[in-house]
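The structure appears below as structure tokens.
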Ligand SMILES: NC(=O)c1ccc[n+]([C@@H]2O[C@H](COP(=O)([O-])OP(=O)(O)OC[C@H]3O[C@@H](n4cnc5c(N)ncnc54)[C@H](OP(=O)(O)O)[C@@H]3O)[C@@H](O)[C@H]2O)c1
């Protein structure tokens, strides 16, 4: 078991970090958690409102705190032994660099949307150089259109290696050195998603060169507001 919970956007002020963490830890009834990432680099107005909006429906951000200040408060949680590692999520390379350069305790994990339509090669290369795990969410493209699972390059490789398109996409994620997050409400698919095998090098290259579509499905990275996660049922 590896337990992760995250710091939400309305708790970026340093004095709010420990109480927020403690509340999560107690809800989980654990002595410590394995990883505590900051959910997004966007600080929302501090307070109890998770999605604070003004009268025009616009998100109320908090200009009174920097991500470096929030990060320093997370470092104190590691010092106190209540979480083993800390991380970031929905962050771009520029912002990540800023944190890595300022950090006393480096991020262990960076969780971002990533799949063949959004490979994030530069971010991955930087993470690997700094010993940071890139955790790819939406590894199957959130099941949204245009469906990665139906891409002709993925289907052709799946037929060739006698695996399903999902298994090809997940194996690609592992083989290029990322961890991934996927979910399914379908027991057979959950099982299928564990049964991965190594792709031949030419298939890896074909996905890199042959999938030219570039799409970000989840807009959370632009605003800090959670993107829509479609469910099939
Ligand atoms: N950091 C962030 O801001 C952020 C944002 C979004 C998500 N996430 C994390 O990422 C996780 C994964 O996101 P996601 O669930 O959208 O990932 P995903 O892997 O892109 O998509 C899952 C979809 O693929 C389908 N699926 C799963 N296995 C399949 C298979 N073997 N064959 C065919 N279809 C398959 C599922 O359908 P069925 O369920 O109908 O089987 C589901 O609709 C979330 O649970 C969340 O923890 C993080």
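Numbering (the numbering used here), first residue to last: -10 to 222.
Glycine included, C-beta positions come from ideal geometry on N, C-alpha and C.
Here the structure is a predicted model, which is why all the values come from computation and not from measurement.
When the options are compared against residue i, the one with the closest alpha-carbon
i           : options               : result
residue 62  : 20, 164 and 11        : 11
residue 20  : -8, 49 and 40         : -8
residue 56  : 9, 121 and 76         : 76
residue 214 : 9, 4, -10 and 46      : 46
residue 161 : 174, 186, 175 and 151 : 186
residue 118 : 96, 52, 176 and 189   : 96
residue 153 : 166, 178, 172 and 131 : 178
Check whether residue i and residue j have beta carbons under 8 Å apart
i           : j           : result
residue 2   : residue 54  : yes
residue 136 : residue 71  : no
residue 133 : residue 31  : no
residue 102 : residue 26  : no
residue 82  : residue 111 : yes
residue 155 : residue 181 : yes
residue 93  : residue 64  : yes
residue 121 : residue 98  : yes
residue 74  : residue 23  : yes
residue 188 : residue 171 : no
residue 127 : residue 167 : no
residue 203 : residue 106 : yes
residue -6  : residue 209 : no
Simplified DSSP assignment, three categories, for residue i
i           : result
residue 37  : coil
residue 179 : helix
residue 21  : coil
residue 78  : strand
residue 200 : coil
residue -7  : strand
residue 56  : helix
residue 63  : helix
residue 222 : Here residue 222 scores only 40 on pLDDT, less than 50, and its place in the model should not be relied on; the value that follows carries that caveat. Three-state DSSP puts residue 222 in coil, outside helix and strand.
residue 1   : coil
residue 210 : helix
residue 138 : helix
residue 42  : strand
Buried/exposed call for residue i, threshold 16 Cβ in 10 Å
i           : result
residue 249 : For residue 249 there is no data in the structure shown, the boundaries of the chain being -10 and 222.
residue 17  : exposed
residue 78  : buried
residue 222 : The pLDDT assigned to residue 222 is 40, lower than 50, so where the model puts this residue is not dependable; a value taken from the coordinates is nonetheless given after this. By the 10 Å Cβ count, residue 222 comes out exposed.
residue 6   : buried
Residue i CB to nearest heavy atom of ligand 2 below 7 Å
i           : result
residue 131 : Ligand 2 is not among the ligands present in this structure, which contains only ligand 1.
Identified DSSP bridge partners for residue i
i           : result
residue 26  : 76
residue 104 : 107
residue 50  : 33
residue 122 : 98
C-beta neighbour in chain C for residue i, strict 8 Å
i          : result
residue 67 : In the structure shown, chain C does not exist; there is a single protein chain.
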